[in-house]
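Participant: The numbering of the sequence shown is the working numbering, which starts it at 165 and goes up by one.
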Amino acid sequence: MRALSELEIRILDMVEPVASSLGLEIVRVRVMGGDTPTLQIMAERPDGTMTVAACAKFSRAISPVLETEDPISTEYHLEVSSPGIDRPLTRVGDFAKWIGHEVKVELATPGADGRKRFHGSIVSEADGIVALKLKDGGEADLAVADMAKATMVLTDKLIQAARAKTPAAVEEEDDEEEIVGLGEETEEDFDDLEVDDDEEFETDSDDEDEDLDADEKE
């Protein structure tokens with residue numbers, strides 16, 4: 165789920181070594197939009213935090229790689245962000261970190277019962293299988309490998325847990341770095357991957373995730 169299309173997988177392979185060299189993990193790569201697409205890369209530290217400065221440093225580090233490899237032939241926008249509180253869960257092991265919290269899951273193809281969308285609380289994760297207690301009653305065991313999308317549901321409980329996981333301070337080269345692990349993201353627009361001298365990083369919210377109907381069956 166970190167990358168879905170062949171293009172996204174190719175880009176993930178390009179930028180992951182750069183992320184690792186900076187002590188970051190890639191959460192998700194998505195190419196979205198039409199005539200001028202947005203390349204969105206979500207990343208975080210192993211402890212789940214991310215700072216504005218770290219996003220900026222990572223963005224600058226991968227831009228030469230993307231410029232050289234040129235995976236997207238047209239002009240596009242590069243957006244480097246933290247996963248946020250209502251984060252996507254994209255890897256085996258992600259679900260185990262959020263036991264008891266609500267999640268919405270969409271399978272790539274309907275299961276044996278014809279159901280494709282699920283909404284429930286995470287009971288457990290083991291060997292790539294996630295057990296959910298569903299909001300509409302019943303239970304479901306879903307393989308991470310079968311999922312097209314899984315997103316945390318924003319609740320008060322999740323906000324409190326996310327804050328508890330975020331350190332009060334992060335010691336880095338720049339003592340004034342701002343932690344953005346609680347739902348903020350940084351965005352940088354590139355015109356043909358030429359960095360403007362006055363480049364500005366903004367905080368925004370992830371607008372890609374769509375609501376999943378817990379009761380809908382396809």
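We treat Cβ as the ideally placed atom computed from N, Cα and C, and that holds for glycine.
Since the model is a prediction, treat every value here as computed from it, not as a measurement.
(1) I'd like to know whether the C-beta atoms of Leu-203 and Leu-242 end up nearer to each other than 8 Å.
(2) Distance, Cα to Cα, Ala-225 vs Lys-313?
(3) For Ile-293, which of helix, strand or coil comes out of DSSP?
(4) Count the other CB atoms, across all protein chains shown, that sit within 10 Å of the CB of Met-196; report buried if there are 16 or more and exposed otherwise.
(5) What is the rounded straight-line gap between the Cα of Ala-207 and the Cα of Ser-184?
(6) Tell me, please, whether the segment 231-246 touches the segment 281-297 by the rule of three or more beta-carbon pairs shorter than 8 Å.
(7) One question on the structure: do Pro-235 and Arg-174 come within less than 8 Å of each other, judged by their Cβ atoms?
(8) Can you tell me whether DSSP reads Asp-305 as helix, strand or coil?
(9) Glu-266 to Glu-172, Cα distance in whole Å?
(10) Distance, Cα to Cα, Gly-257 vs Val-216?
(11) Given a cut-off of 8 Å, decide if Ile-263 and Ile-323 are closer than it, judged by their beta-carbon atoms.
(12) Helix, strand or coil for Glu-266 per DSSP?
(13) Take Leu-253 and list the residues in its own chain whose beta-carbon comes closer than 6 Å to its own, dropping the five residues that flank it on each side.
(14) Here's the rule: buried if 16 or more other CB atoms are within 10 angstroms of the residue's CB, otherwise exposed. What is Gly-301?
(15) In the structure shown, what three-state DSSP assignment does Val-179 receive?
(16) Based on DSSP bridge pairs, tell me the residues matched to Glu-189.
(17) So, for Lys-329: in the same chain, excluding its five sequence neighbours on each side, which residues have a beta-carbon less than 7 Å away from its beta-carbon?
(18) Using the three-state DSSP reduction, which class does Val-244 fall into: helix, strand or coil?
(19) List the residues that DSSP assigns as beta-bridge partners of Thr-202.
(20) I'd like the list of long-range same chain contacts for Ser-169, defined as Cβ closer than 8 Å, with 5 residues on each side in sequence excluded.
(21) In this structure, how does DSSP classify Ile-383 when only helix, strand and coil are distinguished?
(22) Assign Glu-239 to one of two classes, buried (16 or more other C-beta atoms within 10 Å of its C-beta) or exposed (fewer than that).
(23) List the DSSP bridge partners of Pro-252.
Facilitator: According to the structure data:
(1) yes
(2) 28 Å
(3) Here Ile-293 carries a strand assignment [DSSP, helix/strand/coil].
(4) Around the CB of Met-196, fewer than 16 other CB atoms lie within 10 Å, so the residue is classed as exposed.
(5) 10 Å
(6) no
(7) yes
(8) strand
(9) For Glu-266 and Glu-172, the distance between alpha carbons rounds to 27 Å.
(10) 26 Å
(11) no
(12) strand
(13) Phe-259 and Ala-314
(14) exposed
(15) helix
(16) Glu-208
(17) Gly-212
(18) strand
(19) Beta-bridge partners of Thr-202 (DSSP): Met-196 and His-241.
(20) Val-195
(21) Any answer about residue 383 is impossible in this case: the structure gives the chain only from 165 up to 382.
(22) exposed
(23) Thr-315
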